[in-house]
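In our numbering, the protein residues as written are 26 to 263.
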């Protein structure tokens with residue numbers, strides 16, 4: 026078992042670089058933690074560090090500033106949800122992807138409310154993990170099958186209860202169009218195909234919208250769109 030406060034540098038060597046995405050792995054089981062770090066390193070990710078508890082995770086993340094933190098929720102003596110909140114509050118440019126053995130709905134919702142960009146269960150394959158980390162790094166909301174609908178459903182419930190009715194900042198027609206497709210769960214590449222524009226143009230619109238709305242990731246964008254009725258467009262087909 027991992028001891029609280031323990032953290033270690035992950036191996037720097039690995040396979041041929043395929044991406045510039047930097048990652049930190051947080052898990053209190055050293056065999057699992059080191060295995061995930063090794064798998065990602067071998068596939069070209071830059072694993073900057075690992076940590077075994079929440080306090081260390083926040084402290085180390087503050088120092089190394091990874092693009093993505095892979096966060097376990099059930100840490101030895103501390104909460105992954107609290108660590109997620111600490112990291113997303115202090116480091117808005119760092120995305121947190123939960124990698125947990127639990128698929129309980131309450132755990133998923135608590136993690137997302139703390140700022141997690143996605144949620145993957147540990148039964149996922151290495152290929153699914155690699156894809157999820159890459160997508161999370163560019164701002165996609167990535168969830169194990171079935172969980173995305175849960176999160177969006179919760180946002181709809183919150184919207185229906187009247188939570189959050191702030192004035193809508195001025196978005197361009199294209200930004201609104203992209204925002205609507207983000208709320209439908211489409212990836213940046215799917216949006217690019219749908220609108221017949223480049224992937225880079227979609228990313229530019231997403232980043233511009235995030236800045237205007239003062240949001241951090243696509244999960245928050247989807248919530249905003251739902252709260253403002255942008256997730257339902259009769260002219261769009263599913």
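For each residue, glycine too, the CB sits at the ideal point set by N, CA and C.
This structure is a prediction, so every number in the text was calculated from the model and none was measured.
Compute the beta-carbon to beta-carbon distance between residue i and residue j, rounded to the nearest angstrom, for a pair I have assumed lies under 8 Å.
i: residue 94; j: residue 70; result: About 12 Å; that fails the 8 Å criterion.
i: residue 122; j: residue 161; result: 5 Å
i: residue 168; j: residue 143; result: 6 Å
Taking the beta strand (DSSP E) that residue i belongs to, which residues open and close that run?
i: residue 74; result: 71-76
i: residue 220; result: Looking at the DSSP string, residue 220 is not in any beta strand (DSSP E); the run it does join, the alpha helix (DSSP H), is 213-220.
How is residue i classed by DSSP in three states: helix, strand or coil?
i: residue 104; result: strand
i: residue 45; result: coil
i: residue 191; result: With a pLDDT of 47 at residue 191, under the threshold of 50, the modelled position of that residue is not reliable, and the figure given next carries that caveat. Three-state result, residue 191: coil.
i: residue 155; result: helix
i: residue 110; result: helix
i: residue 50; result: strand
i: residue 94; result: strand
i: residue 227; result: helix
Can you give me the start and stop residues for the alpha helix (DSSP H) that residue i sits inside?
i: residue 65; result: 55-67
i: residue 206; result: 198-208
i: residue 89; result: 79-89
Apart from the five residues on each side of it in sequence, which residues of its chain come closer than 6 Å, Cβ to Cβ, to residue i?
i: residue 241; result: 117
i: residue 73; result: 47, 49, 89 and 91
i: residue 164; result: 242 and 243
i: residue 145; result: 124, 157 and 169
Within a Cβ cutoff of 7 Å, which residues of the same chain sit near residue i, ignoring the five residues on either side of it in sequence?
i: residue 170; result: none
i: residue 147; result: 124, 125 and 126
i: residue 111; result: 83
i: residue 233; result: 200
i: residue 90; result: 116 and 119
Closer than 8 Å by C-beta to residue i: which residues in its own chain qualify, once you throw out the five before and the five after it? Chain order, please.
i: residue 158; result: 46, 48, 65, 70, 93, 95 and 122
i: residue 113; result: 119, 121, 139, 140, 141 and 241
i: residue 250; result: 204, 205, 207, 208 and 256
i: residue 195; result: 237
i: residue 217; result: 223, 224, 226 and 227
- [ ] Would you list, in sequence order, the uninterrupted alpha helix (DSSP H) runs of no fewer than 4 residues that lie entirely inside the stretch 229-253?
- [x] 243-252
TODO: Would you list, in sequence order, the uninterrupted alpha helix (DSSP H) runs of no fewer than 4 residues that lie entirely inside the stretch 112-148?
DONE: 130-138
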